[in-house]
Structures are given as structure tokens and as C-alpha cells.
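Engineer:
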């Protein structure tokens, strides 16, 4: 894969992660508070979900930037594997396995979650394409020297 193709795929990945970060920051979770038995209030769990998505998206953006400017194939593969793990973690945090969002389907946080899932789907497809292309290029250009004893 030439450098221009790599930068285009990285740019698409960067835009998808940046969109997920901005949507999580701007739209976020529900603004209402949960009343506690002690008389106090605290934010709903979707509030904490999208804070976690913001922080993990920053890690994903850092991995994308690293994979864009590093020229070694093995380092790029490691960044792509880290990016796949980041995508999976973001998707799991927004489900009931992770922190989750509010239980009612009509709440604001469900729209935000759907947009972030869409961004992560785009990023997953681009990351898998990048991984397959770089792996295929690596296998074609692999020239293992013969060792003599």
C-alpha cells in the first residue's frame, strides 16, 4: 500500500473517531439527575458512559496519528491492532456489558449512542481494510533469507 492510500485511510479513521468524540462531548448523555435516597442527586449512567467514550476516543486518535506517521510495517500493525481493541472497548462500554445508557428507548442518550456506533462501524471497516492491505503487502514482499548451518 503506498503512502497516499495509507494517509487517506488514516484520515477517514481520524474523522470517524473525531466525530465520535465530538458527538459524545456535544450531545452527551441525559441532562437530568437521579435522585438518591439520601436526598442528593447524581448524573445518570449515560453521563459517565460518554465521558468514558471521550477518553477512549482520545486514545484511538493517538493511535491513528501514530500509525499515520510511523513508517515501519510492524509498528503500523501494532497500532491497527490497538485501534481494533479501542473500537471494541468503545462499543462494549455503551452496551449493558459496560456502563450502558438509560433504559428508556426514547431518551436522548440512545440517539448519541447510535451515532457513536455508526462512527465506530466506519472506523472498524477502514481499520480492517488497512490491516488486510498492509498484511497482504507484507506477505508479498516477504523475502526470508536462507540460513545455512
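Numbering (the numbering used here), first residue to last: 505 to 653.
Every residue, glycine too, gets a C-beta built ideally from N, C-alpha and C.
Please identify the residue among 608, 508, 524 whose C-alpha is closest to the C-alpha of residue 595.
Structural biologist: Looking at the Cα atoms, 524 is the closest of the given residues.
Engineer: Just grab the DSSP bridge partners of residue 545 for me.
Structural biologist: For residue 545, which the question treats as bridged, DSSP gives the partners 539.
Engineer: Where does residue 553 land, buried or exposed, given buried means 16+ other C-beta within 10 angstroms?
Structural biologist: By the 10 Å Cβ count, residue 553 comes out buried.
Engineer: Which full runs of the alpha helix (DSSP H) of 4+ residues lie inside the segment 548-600, going along the chain?
Structural biologist: Here the runs fully enclosed are 549-573, 577-597.
Engineer: Kindly give me the distance between the Cβ atoms of residue 534 and residue 583, rounded to whole angstroms, as I take these residues to be in contact under 8 Å.
Structural biologist: Wrong, their Cβ atoms sit about 34 Å apart, outside the cutoff.
Engineer: Determine the closest residue to residue 585 out of 522, 536, 632, with distance taken between C-alpha atoms.
Structural biologist: Cα-wise, what sits closest to residue 585 is 632.
Engineer: Quick check on DSSP: helix, strand or coil for residue 606?
Structural biologist: It is coil, neither helix nor strand.
Engineer: Kindly indicate which three-state DSSP category residue 622 falls into: helix, strand or coil?
Structural biologist: It is helical.
Engineer: Restricting to Cα atoms, I'd like to know which of 530, 572, 515, 591 is closest to residue 674.
Structural biologist: Shown here, the chain extends from 505 to 653; a query on residue 674 therefore has no answer.
Engineer: Does the count of Cβ pairs from the segment 507-522 and the segment 600-616 closer than 8 Å reach three?
Structural biologist: No, the segment 507-522 does not touch the segment 600-616.
Engineer: Can you tell me where the alpha helix (DSSP H) with residue 517 in it begins and where it stops?
Structural biologist: Taken as a continuous stretch (DSSP letters only), the alpha helix (DSSP H) holding residue 517 covers 507-530.
Engineer: Apart from the five residues on each side of it in sequence, which residues of its chain come closer than 8 Å, Cβ to Cβ, to residue 573?
Structural biologist: If we look at residue 573 and ignore the five residues flanking it on each side, it has no Cβ neighbours.
Engineer: Going by CA-CA distance only, name the one from 512, 522, 506, 627 that's closest to residue 559.
Structural biologist: Residue 559 has its Cα closest to that of 522, out of 512, 522, 506, 627.
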